[in-house]
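Chemist: Here our numbering is used: the first residue of the sequence shown is 6, the next is one more, and so on.
Ideal Cβ placement from N, Cα and C applies to all residues, glycine included.
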Amino acid sequence: MTSYCCRLISCIISIVLTLLILIAILGAVFYFVYHPKAPNFSINRLQITDLRLNLDLSLYAQFNVRITAKNPNEKIGIYYEKGGKTSVWYTQTQLCHGALPAFYQRPMSTKVLDVQLSGQNQFGRTLMAALQQQQQTGNIPLDLKVDQPVSIRVGNVKIGKVRVLANCKLIVDSLSSNSLVSIKTSSCRIKVRL
6 MTSYCCRLIS
16 CIISIVLTLL
26 ILIAILGAVF
36 YFVYHPKAPN
46 FSINRLQITD
56 LRLNLDLSLY
66 AQFNVRITAK
76 NPNEKIGIYY
86 EKGGKTSVWY
96 TQTQLCHGAL
106 PAFYQRPMST
116 KVLDVQLSGQ
126 NQFGRTLMAA
136 LQQQQQTGNI
146 PLDLKVDQPV
156 SIRVGNVKIG
166 KVRVLANCKL
176 IVDSLSSNSL
186 VSIKTSSCRI
196 KVRL
């Protein structure tokens with residue numbers, strides 16, 4: 006009985022190891038054949054449509070952001086799935102949030118997205134005072150964060166779902182409502198999570 010159990014366990018371990026080696030080989034072949042790259046994001050425009058202190062002292066913010074998404078892959082298409090989150094932060098405080106639309110991006114293509122973000126923060130008075138003080142310098146640091154589920158398409162086959170995380174650092178000149186804001190500097194870091 007123990008000899009049978011040992012052979013069975015040995016057989017199962019061999020099968021699992023063979024499958025793991027096969028998956029690693031397929032992953033390496035995929036990487037060397039297709040050279041997968043993360044999409045690139047850039048922020049082209051930021052418009053403050055509403056930024057006000059409510060009667061309950063909460064801060065309401067509504068921003069329109071124009072994001073350019075580039076797919077640098079030659080043979081891989083990207084499906085931007087539902088369930089993502091895009092948000093604008095001032096220091097450690099979220100001002101507003103929304104989501105990128107679901108769409109398919111062909112290889113080597115660029116897509117311009119207009120994304121509407123809105124939100125309310127309970128620490129409105131303190132936050133508004135900090136924003137107004139920072140606005141006097143003409144350099145307001147903001148972070149735009151994207152957490153987006155994506156699937157990839159190779160040929161006609163849709164495979165793999167990963168999360169693309171983008172953190173874009175912006176310096177803007179103003180947060181005046183109903184105006185286009187001048188983006189002084191903008192840089193985005195992209196990570197892919199399995």
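By Cβ distance below 7 Å, which residues in the same chain neighbour residue 58 in space, the five residues on each side in sequence not counted?
Modeler: Here residue 58 refers to the residue found at position 53 of the sequence shown. Closer than 7 Å at Cβ, skipping near neighbours: 64, 129, 130 and 133.
Chemist: Are residue 151 and residue 105 closer than 8 Å when you measure CB to CB?
Modeler: Translated into positions along the sequence shown, residue 151 becomes position 146. Translated into positions along the sequence shown, residue 105 becomes position 100. In contact: residue 151 and residue 105 (Cβ atoms closer than 8 Å).
Chemist: Check residue 12 in the structure and name its three-state DSSP category.
Modeler: Locating residue 12 in the sequence shown gives position 7, counting from the first residue. It is helical.
Chemist: Could you give the residue range of the alpha helix (DSSP H) that holds residue 52?
Modeler: Mapped onto the sequence shown, residue 52 falls at position 47. First-last for residue 52: 45-58, but that is the beta strand (DSSP E), not the alpha helix (DSSP H).
Chemist: Give the list of continuous beta strand (DSSP E) stretches no shorter than 3 residues that lie fully inside the segment 69-118.
Modeler: As far as the segment 69-118 is concerned, its whole beta strand (DSSP E) runs of at least 3 residues are 81-85, 90-95, 98-103 and 108-110.
Chemist: Since residue 51 contacts residue 91 with CB under 8 Å, what's their CB separation in whole angstroms?
Modeler: Taking the sequence shown and counting its residues from 1, the one referred to as residue 51 is at position 46. Taking the sequence shown and counting its residues from 1, the one referred to as residue 91 is at position 86. In fact, because the Cβ distance is near 12 Å, the residues do not count as touching under 8 Å.
Chemist: Just list the alpha helix (DSSP H) runs in the segment 122-164, keeping only unbroken ones of 4 residues or longer that don't cross its boundaries, in chain order.
Modeler: Taking only runs of at least 4 residues, the alpha helix (DSSP H) segments lying wholly in the segment 122-164 are 129-140.
Chemist: Might you give, ordered along the chain, the residues of its own chain that have their beta carbon closer than 7 Å to the beta carbon of residue 201, omitting 5 neighbours on each side?
Modeler: The structure shown does not extend to residue 201, since the chain is modelled only from 6 to 199, so the question has no answer here.
Chemist: In terms of alpha-carbon separation, which member of 166, 147, 149 and 148 lies closest to residue 156?
Modeler: For the purposes of this step, residue 156 is taken as the residue at position 151 of the sequence shown. Looking at the Cα atoms, 166 is the closest of the given residues.
Chemist: Would you kindly work out how many angstroms separate the C-alpha atoms of residue 77 and residue 18, rounded to a whole number?
Modeler: Translated into positions along the sequence shown, residue 77 becomes position 72. Translated into positions along the sequence shown, residue 18 becomes position 13. Looking at the two C-alpha atoms, the distance is approximately 40 Å.
Chemist: Between which two residues does the beta strand (DSSP E) harbouring residue 187 extend?
Modeler: Sequence index remark: in the sequence shown, residue 187 carries index 182 (1-based). Unbroken run through residue 187: none, as it is neither H nor E.
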